[in-house]
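Heads up, the thing below is written out as structure tokens.
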Amino acid sequence: PVLSRSSARFSINAHDLALNCISHNDTGKPFKSVQFSSLALKILPAALLIFPLIVSQVCNYKMCGIFSIFLKNPAAAGGSELFRYGGRTESLRELAFRQSSKQRHRGPDYTGLVVDMDAGLVMVQERLSVLCVKTGSQPFVSEDGTVLLAANGEIYNYRQMAEVVNGVRKAGDGEYVPRSDCDVIIAYYERFGAEKLMETIRGMFAFVLYDKKTDHVLVARDPIGIIPLYEGTDLEGNVWFASEMKCLVEKCPEVKVFPPGHMYYGKRHKLEPKSYYKPQWMFEIPRAQADLEQLRVALEAAVVSHLQCDVPMGALLSGGLDSSLIASIATKVMRKRHGLDYRLKTYSVGLIGGPDFEYSKMVSDYIGSDHTEVHFTIDEGLNYIREVIQHVETYDITTVRCSIPLLLLSRFIKSEGIKMILSGEGADELFGGYLYFYQAPNPEEFHWETVKRVKNLHFSDCLRANKATAAVGLELRVPFLDTDFVNHSMSIRPEDRMPQTKVNGTVRSMEKYVLRQAFTNDYLPSEVLWRQKEQFSDGVGYSWIDTITEYAASHVSDEDFAAASDRYPINPPSTKEAFYYRQIFEELFPHDSCASTVKRWVPRTDWGCSADPSGRKQTVHLRRK
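Going by full-length UniProt numbering, the sequence shown runs without a break in its numbering and finishes at 625.
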């Protein structure tokens, strides 16, 4: 029998997770608390995990992994899928299928593969499918068969792009109806070319396109780098692209991150990265005053565009400002669409007693969400260090610390039938929300530091947010990093984005002041709207960072650490914790080029800040008693 959501007690399986306890808060609404357990519990009938899927002709959900190889010398293969590789005869199809399988967690339901030996290429797409949705095969092929596309991501303005395409179609061609949002990439490219496509497209994406007519390759990544993309070159000179580095490292000694906001367009072995995203704020200090109404409308519009979804969805809710704002706006939007009874599913994670839970419950009560707390123990978190480094492909301290709770939470969310989740990444970079920004010496330095943080998001928060969720086939969307909202926010003068004195209340500085002021009207409880920043790895429980630091250090001897610079000349670790993560990373990704794909997240020590990325190490942090 299917148990109701208000049952007093039920168990659910999500990789050793296990006991879900539903209690009731003081409002009388169900409030769920989920406890991770090391004991294996019985798996509920599959029926309990099935949620209704809303299906439409166009699928707006496609978390996936893309992979491609472009042969240096296609003619040498003579049109056969068999070619000489690594001193032996190899099948290009089998090679691509095998290597792409290393990222199949990104799209476990379907693998599409296109091989064209005349063109000397293979494309693979790992896709998470949605029941009965008519999306066509992937990778995509144009109507005349001359353009191939492997794409990962969401194109939020695809309807407008399709309208433009229809506006220039010849009489008798019929109406262009995109098979999915990413299908519009081919149609727009065919009619307007690569440059115009990249000027127009808006969303989170990484794609590889091949045009048989011109023998040109177009590779591109979204402006912020929300979606990952790596490039590799093997010993034969063949060029590889993949969503995750693990697909390349075995065959490509040279691996690098494909830069956000850039495109390759041209012949396969004459590819040079070209920036297509060059907003003014990257090059000069903005002087526009903040308009609170415009800022509010811009964020609301970003959330609306990110709610294009035909599958069960939810939102992360830590109880901090950023995730709480996104959840609140999403609730208002969805109630306009579905009625006042709509309840957004929200989730938080942490150690029992972690500071985030008090505030996430407060927000849930305020917006009326269907909220679940997911608890984990420190021992359970420590068990996932290696797996997180393998999935997220980094040795950066703060990224590893934060990715473990997110991976644990993602596994539970996926077990509930949720396939898309909203999150609050990006606001701290746009508005200087990290506590070390209090020590910025002047507005100019504040601005350039936010520019650096935004440009490096693909090394830290975007990397964690995408890969820790994609590890279980979950798609995470980040409305704060909508290109229009990024440009709007970063075009506000730095004086208005710096910590300000709160008016009509306690007189003290407050990070992200302008963002808070824009949402004072019935969006969040005051205690959350004016809550000080807690970094995710701090908010799950203060003992988490203390313990993981001690645990990692206990695995590194003084002798080994003394030789850190000699052993790891690229980004040498400065602490035993960093050394421990680096050791694991090198086992999984042994090339020097792999080590160079990581950039460490470190506060500005030249501003007098602590080098430890934890917000608790900054003097302005108000630690709760």
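For glycine and all other residues, C-beta sits at the position ideal for the given N, C-alpha and C.
Only counting the same chain, and skipping five residues up and downstream in sequence, which positions put a Cβ closer than 7 Å to that of residue i?
i	result
Leu588	Ile389 and Gln390
Ile556	One detail in the question is off: residue 556 reads as Val in this sequence, not Ile. Excluding residues within five positions, the ones whose Cβ falls inside 7 Å are Lys576, Phe579 and Tyr580.
Glu495	Pro443
residue 707	Outside the shown range of the chain, which is 1 to 625, sits residue 707, and nothing can be said about it.
Pro52	Only weak support exists for where Pro52 lies, its pLDDT of 30 falling under 50; the coordinates are left without a value.
Arg343	Gly368, Ser369 and Asp370
Pro139	Gly112, Val114, Met123, Gln125, Leu148, Leu149 and Ala150
Quick one: measure Cβ to Cβ for residue i and residue j, integer angstroms, because I've assumed they're closer than 8 Å.
i	j	result
Arg411	Val349	About 10 Å; that fails the 8 Å criterion.
Val363	Ser324	5 Å
Gly314	Lys345	4 Å
Leu408	Tyr384	7 Å
Pro441	Trp607	7 Å
Tyr347	Thr377	That pair is no contact at about 18 Å.
residue 637	Asp322	The chain is shown only over 1 to 625; residue 637 falls outside these bounds and no answer can be derived.
Taking just the CA atoms, how far does residue j sit from residue i?
i	j	result
Glu195	Arg127	28 Å
Asp566	Met123	40 Å
Arg84	Ala77	8 Å
Val602	Arg493	24 Å
Ile584	Leu148	37 Å
Tyr276	His262	6 Å
Val304	Tyr265	32 Å
Cys182	Ala288	35 Å
Tyr158	Glu175	15 Å
Tyr156	Arg179	14 Å
Ser91	Pro590	26 Å
Asn521	Ser328	12 Å
Val454	Arg93	38 Å
Gly353	Leu317	16 Å
Asp612	Tyr438	16 Å
Leu82	Thr89	6 Å
Met198	Ile185	9 Å
Leu605	Phe561	As written in the sequence, residue 605 is Thr, which differs from the Leu given in the question. Between Thr605 and Phe561, the C-alpha separation is close to 22 Å.
Ile201	Asn166	16 Å
Arg104	Cys252	19 Å
Gln160	Glu527	40 Å
Cys64	Arg337	28 Å
Val249	Ala119	24 Å
Gly433	Cys309	29 Å
Gly153	Ile227	7 Å
Glu387	Lys102	13 Å
Thr286	Met490	Before going on, a small fix: residue 286 reads as Pro here, not Thr. Near 8 Å, if we compare the C-alpha coordinates of Met490 and Pro286.
Ile326	Asp558	45 Å
Arg106	Leu218	23 Å
Thr331	Asn487	25 Å
In this structure, how does DSSP classify residue i when only helix, strand and coil are distinguished?
i	result
Arg159	helix
Tyr110	strand
Lys42	At Lys42 the pLDDT is 36, less than 50, meaning the model places this residue with poor confidence and gives no usable figure here.
His216	strand
Val297	helix
Val122	strand
Gln500	strand
Val208	strand
Leu474	coil
Glu587	helix
Val249	coil
Ala552	helix
Phe140	strand
Cys64	strand
Trp601	coil
Arg179	coil
Phe283	coil
Met117	coil
Lys270	coil
Asn152	strand
Gly79	coil
Can you name, in chain order, every residue of its own chain whose Cβ lies under 8 Å from the Cβ of residue i, other than the five neighbours on each side?
i	result
Val514	Ala290, Leu292, Leu295, Phe431, Ile492, Asp496, Arg497 and Gln500
Ala468	Val388, His391, Val392, Ser403, Leu406, Leu407 and Ser410
Identify, in the order they occur along the chain, each residue of the same chain with its Cβ nearer than 6 Å to the Cβ of residue i, setting aside the five sequence neighbours on each side.
i	result
Glu393	Met245
Tyr523	Ser328
residue 628	Here the chain has residues from 1 to 625 only, and residue 628 is not among them.
Ile404	Gly381, Tyr384 and Val388
Is there a Cβ of chain C sitting closer than 9 Å to that of residue i, yes or no?
i	result
Gly232	Reference to chain C is not applicable here, since this structure consists of a single protein chain.
**Prompt:** Do the region 198-211 and the region 225-241 touch if we need at least three Cβ pairs shorter than 8 Å?
**Reply:** Yes, since at least three Cβ pairs between the region 198-211 and the region 225-241 fall closer than 8 Å, the two stretches touch.
**Asked** Touching or not, the region 294-311 and the region 473-487, by the rule of three or more beta carbon pairs under 8 Å?
**Response** Three or more beta-carbon pairs separated by less than 8 Å link the region 294-311 to the region 473-487, which places the two stretches in contact.
**Message:** Does the region 398-407 come into contact with the region 457-466, if we say contact requires no fewer than three beta-carbon pairs (one atom in each stretch) closer than 8 Å?
**Reply:** At 8 Å Cβ cutoff, the stretches touch.
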